[in-house]
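If you want this note's numbering, it's the 1-based position in the sequence shown plus 17.
Below: one structure, written as structure tokens.
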Amino acid sequence: MKAAILTKPGPVDGNPLSVRDVPIPTVETGYALLKVLACGICRTDLHIIEGELPPKLPCIIPGHEIVAEVVQSPDSTFRVGTRVGVSWIGGTDGTCRFCRLDRENLCDHPVYTGYTHTGGYAEYTTARTDFLYRLPDSLEDAVAAPLMCAGMIGYHSLRVADVKRGQKVGLFGFGSCAQILIHVLHAWDCKVYVSTREERHQKLARQLGAVWAGQGDEVPPTPLDRAVTFAPLSSPSTKAALWQSMQSIWTIYRNSTTTQFSGENGNCGASPI
Ligand SMILES: [Zn+2]
Ligand SMILES: [Zn+2]
18 MKAAILTKPG PVDGNPLSVR DVPIPTVETG YALLKVLACG ICRTDLHIIE
68 GELPPKLPCI IPGHEIVAEV VQSPDSTFRV GTRVGVSWIG GTDGTCRFCR
118 LDRENLCDHP VYTGYTHTGG YAEYTTARTD FLYRLPDSLE DAVAAPLMCA
168 GMIGYHSLRV ADVKRGQKVG LFGFGSCAQI LIHVLHAWDC KVYVSTREER
218 HQKLARQLGA VWAGQGDEVP PTPLDRAVTF APLSSPSTKA ALWQSMQSIW
268 TIYRNSTTTQ FSGENGNCGA SPI
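Pasting the structure below:
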């Protein structure tokens with residue numbers, strides 16, 4: 018099969034990924050063999066490719082926003098031909114302190130798709146059957162792929178922040194997660210306020226229906242009910258704007274690195290603060 022393989026991380030300008038012919042991966046116990054239909058590109062893929070996340074294997078096929086068709090499966094739930102999704106978390110131990118608290122995104126012994134296990138920049142890949150997602154027919158492959166990471170962790174953050182229909186919701190940062198979430202929030206009749214550094218993202222936020230879009234350190238013009246931040250909280254001005262925008266101490270949810278909680282869960286886990 019053809020696959021994009023990373024052997025030596027480096028700046029993307031230097032094309033560290035090389036497309037090669039490699040054997041179709043061997044299927045381990047508990048795994049399904051999948052034919053990849055689409056695979057999105059996530060910021061974490063860039064962190065892996067450029068070496069900001071240290072290599073775990075001598076070579077790796079990245080990609081963790083996978084839409085695929087089951088080719089071979091030990092699990093009758095996912096018959097041959099079923100269309101499935103695969104995300105960043107490709108497996109957990111099920112026994113650690115986090116798994117026991119239903120917070121498997123912080124697992125002490127995780128499997129990461131496209132980082133510690135072969136990913137989706139290939140014609141075929143494998144994935145644990147208990148970490149496959151069945152996808153509705155209504156979603157096209159390329160539309161479903163980004164939901165496997167950006168959409169999934171963004172939606173999780175809305176649930177943790179307990180966003181209710183019709184509320185005023187602030188999004189701090191407007192990358193791929195927030196660009197998906199704004200559609201969910203509109204479907205929930207929420208008013209969306211976006212604070213983001215980049216002018217092009219402010220413009221895009223207005224185009225996508227934000228009632229207000231301003232600088233990353235600007236306080237939205239009205240008190241918010243809920244806020245989700247996708248931006249690093251290292252900036253005191255962003256932090257101040259975030260806190261000032263809340264009418265009281267509601268849930269603020271940070272969708273960013275989980276390093277401080279579990280060591281190395283990368284950027285695609287999600288953790289409450
Ligand atoms: Zn665990
Ligand atoms: Zn990701």
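Where a beta carbon is used, it is the ideal one built from N, C-alpha and C, also for glycine.
Boundaries of the alpha helix (DSSP H) around G171: A167 to V177.
Three or more Cβ pairs closer than 8 Å define a contact, and the region 229–239 falls short of that threshold against the region 167–179. No Cβ-Cβ contact shorter than 8 Å links I83 with T24. Proximity of the beta carbon of T61 to ligand 2 is indicated: a heavy atom of the ligand is located closer than 7 Å.
V228 and R117 have their C-alpha atoms some 41 Å from each other.
Between the alpha carbons of E86 and V97 lies a gap of roughly 8 Å. Counting C-beta pairs closer than 8 Å gives three or more between the region 20–34 and the region 136–150, which meets the contact rule. In this structure the region 89–96 does not lie against the region 117–127, because fewer than three pairs of beta carbons, one per stretch, are closer than 8 Å.
Distance from the Cα of C194 is smallest, within the candidate group T99, I58, V36 and T109, for I58. Taking all protein chains in view, the Cβ of S35 is surrounded by fewer than 16 other Cβ atoms within 10 Å, so the residue is classified as exposed.
Look at V201 here: in three-state DSSP terms it is helix. Sequence-distant partners of G183 (beyond 5 residues in either direction) whose C-beta falls short of 7 Å from its own C-beta, in its chain, are D206 and C207. Counting the other Cβ atoms within 10 Å of the Cβ of V186 gives 16 or more, which makes it buried.
Nearest in C-alpha terms to F148, of all of V39, S104, H200 and F247, is S104. Under the 10 Å beta carbon count, P40 is surrounded by fewer than 16 other beta carbons and is classified as exposed.
DSSP lists L50 as the beta-bridge partner residues of T143. According to DSSP, residue pairing for L23 in a beta bridge involves L34 and I77.
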